[in-house]
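Have a look at the structure below before the remarks.
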DNA sequence: GTCTATAATTGGATAGAC
DNA sequence: GTCTATCCAATTATAGAC
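Chains as they are written, first to last, in the numbering used here: chain Z, 6 to 184; chain X, 6 to 184.
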C-alpha cells in the first residue's frame, strides 16, 4: 500500500474513532507510521486530506451506485441491505465524510448530497410512490446515523438490527406501494 | 435569560452550525456577548460546557418521553412526527449532543443511548413486532441524520420530507404489523 | 459576576537536510 | 520521499483587578 493510502486510511480511521477535534496532523502521521513532514509531502494541508477522503468516497460511491442499479434483488433491497454497518471500505469512507459534512465542510456536504440524490433516484425509479421512496432512503440514513453514534467501536449503540430482520419490512413497504 | 443559558445556547448553536473544531471558547463567549473570562466563571472548562448541554438534553428528553407516552396518536406516530426537523429546542439539543457523541464523548454517547432506548421501548410496547419497532426507530434516526448533515442552515440537505408525507408510511407499517 | 492580561500548550505549516 | 527543527497562530485555562 502506498504511503498516501496509508495516510488516508489513518485520517479516516481517526476521524471515525475520535472525531475531528482529535484528528490532528501529528496523530494521523503517527498512525500511518510517518512523520508530520512525511505527511505534508503527500498532503500539503489538512484540507487536502479532507479532499483526498472525499475523492475516495466519490469513487466508492460510483461503484456502489452501479451495483445498486444492477442488483437482482432491486435497488431498494440492495440499498437497505448494504446500509447495515459492516465496517467495509464504503461504510468507513461514508461515515467519515458524513462527519466532515457535519462540521460544515462544503465539499463533504456536496459529496453527501450527490450520493444520496443518486440513491434516491434509483429507489424512486423502482418504487414509483414518492413517500415510500423517501421512507426507504430514511431507513438507510438511520442505519448510518446509528453507526456514526458510538464510533466504529460499538456501532449502532447496542441497538443494532440485522439485514435479515430488516428486509421483510422493506418488502412490506414495496408491496404496500404497489411495486 | 441567565448568562449561563445564553452561553449554553451559544455553545449549542455554534456546535450545530460550525462543528466541534470551530467551537472554541472565544467564539462561544463572543456569541453569548461575554468575555472568555466571563464564560469560564460559569463553565470552568470546555468539558463542563458539554456536560451542561447533555444535562439540558436529559431534561428535554424526559419531557419528550412523557409526551410520547401520553400521545393520543400513539407513540410511533408521535415519535416519527416529532423527529422531523423543526429547529425547536429539543431538535437543537439532540443534534448538538449527537455531534458530541460522534466525537467519542462518553457522556454524550450514554445520553443518546438512554434516550433512544426509551423511545424504542415505547414503540415496542405499541407495535409488538420487534423488526417493525426497529424500523420505526430507524425512520426517526434517518430524519436526525438528514438534519445533522448540512448543518442547521439547510437541514436535510434538500431531501426533506414533511410529516404529512411520512405519516401514511408509518400507518402502513403499523397496520402490516397487526397493531 | 465579569473583565483584562497572560501563561502553557498544541496545532498547522515551512525550510532545509538527507 | 521522508525526516528534524522551527515558526507562528490559536486554544485552553489561570490570576487577579474591578
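Backbone N, C-alpha and C fix where the C-beta goes; we use that ideal spot for every residue, glycine too.
Treat the numbers as computed from the prediction; the structure is a model and nothing was measured.
Please determine, among the options, the residue with the shortest C-alpha to C-alpha distance to residue i.
i                     : options                       : result
residue 173 (chain Z) : Z:144, Z:150 and Z:152        : Z:144
residue 16 (chain Z)  : Z:102, Z:182, Z:183 and Z:125 : Z:102
residue 120 (chain X) : X:66, X:175, X:177 and X:84   : X:66
residue 91 (chain Z)  : Z:8, Z:166 and Z:9            : Z:166
residue 80 (chain X)  : X:169, X:181, X:126 and X:38  : X:126
residue 33 (chain X)  : X:64, X:13, X:57 and X:154    : X:13
residue 134 (chain X) : X:78, X:42 and X:179          : X:179
residue 115 (chain X) : X:68, X:45, X:59 and X:93     : X:59
residue 52 (chain Z)  : Z:111, Z:183, Z:131 and Z:132 : Z:111
Counting only beta-carbon atoms, is residue i nearer than 8 Å to chain X?
i                     : result
residue 129 (chain Z) : no
residue 174 (chain Z) : yes
residue 50 (chain Z)  : no
residue 150 (chain Z) : yes
residue 109 (chain Z) : yes
residue 181 (chain Z) : yes
Just to confirm, are residue i and residue j a CB contact at a threshold of 8 Å?
i                     : j                     : result
residue 146 (chain X) : residue 24 (chain Z)  : no
residue 100 (chain Z) : residue 152 (chain Z) : yes
residue 129 (chain X) : residue 98 (chain X)  : no
residue 40 (chain X)  : residue 22 (chain Z)  : no
residue 113 (chain Z) : residue 55 (chain Z)  : yes
residue 181 (chain Z) : residue 181 (chain X) : yes
residue 150 (chain Z) : residue 83 (chain X)  : no
residue 89 (chain X)  : residue 154 (chain X) : no
residue 26 (chain Z)  : residue 26 (chain X)  : yes
Residue i to residue j, Cα distance in whole Å?
i                     : j                     : result
residue 75 (chain X)  : residue 104 (chain X) : 29 Å
residue 164 (chain X) : residue 142 (chain Z) : 10 Å
residue 9 (chain X)   : residue 43 (chain X)  : 10 Å
residue 19 (chain X)  : residue 96 (chain X)  : 14 Å
residue 85 (chain X)  : residue 168 (chain Z) : 22 Å
residue 136 (chain Z) : residue 175 (chain X) : 11 Å
residue 11 (chain Z)  : residue 106 (chain Z) : 22 Å
residue 87 (chain Z)  : residue 118 (chain Z) : 18 Å
residue 77 (chain Z)  : residue 138 (chain Z) : 18 Å
residue 68 (chain Z)  : residue 94 (chain Z)  : 12 Å
residue 123 (chain X) : residue 38 (chain Z)  : 43 Å
residue 46 (chain Z)  : residue 28 (chain Z)  : 18 Å
residue 177 (chain Z) : residue 30 (chain X)  : 50 Å
residue 64 (chain Z)  : residue 57 (chain X)  : 41 Å
residue 183 (chain X) : residue 131 (chain X) : 10 Å
Taking 8 Å as the CB-CB limit, is residue i close to chain Z?
i                     : result
residue 171 (chain X) : yes
residue 153 (chain X) : yes
residue 116 (chain X) : no
residue 125 (chain X) : yes
residue 79 (chain X)  : no
residue 59 (chain X)  : no
What residues from the segment 133-147 of chain X come within 9 Å of chain Z, judged by C-beta to C-beta, listed N to C?
Those residues of the segment 133-147 of chain X that come within reach of chain Z (Cβ to Cβ, closer than 9 Å) are 135, 136, 137, 139, 140, 142, 143, 144, 145, 146 and 147.
Positions along the segment 30-42 of chain Z whose CB lies within less than 9 Å of some CB in chain X:
Legend: CB atoms of the segment 30-42 of chain Z lying less than 9 Å from CB atoms of chain X are not found in any residue.
Where the segment 91-105 of chain Z meets chain X: residues whose CB sits under 7 Å from a CB there
Listed in sequence order: 103 and 104.
Listed from N- to C-terminal order along the chain, which residues in the segment 17-30 of chain Z have their beta-carbon within a distance smaller than 8 Å of any beta-carbon of chain X?
Result list: 22, 23, 24, 25, 26 and 27.
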